[in-house]
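Report on the following structure.
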Amino acid sequence: MPSALTAVCIVYKRLKVIVKLVVILVVLTTQYFRFSLPISQLMAKAIPVRGARFRKACF
Numbered sequence: 001m002p003s004a005l006t007a008v009c010i011v012y013k014r015l016k017v018i019v020k021l022v023v024i025l026v027v028l029t030t031q032y033f034r035f036s037l038p039i040s041q042l043m044a045k046a047i048p049v050r051g052a053r054f055r056k057a058c059f
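Numbering (UniProt numbering), first residue to last: 1 to 59.
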């Protein structure tokens, strides 16, 4: 049976891997949204919705 110290080391290694994956995911999604947000704003202005009442833009 593994000792308590071995179990702690295993959990620590797995947590390090999870933290790395989360950091990579955040970096990739941040870059994606920086690119996609201006495009979606342009598309929202270019494609009118039937029956929509437009107000002055907040941005």
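Glycine included, C-beta positions come from ideal geometry on N, C-alpha and C.
- prompt: Per DSSP, what kind of secondary structure is Lys56 in: helix, strand or coil?
  reply: coil
message: Does Ser36 come out as helix, strand or coil in the three-state DSSP assignment?
response: helix
Residues of its chain near Leu42, where Cβ-Cβ distance is below 6 Å and the 5 sequence neighbours each way are ignored: none
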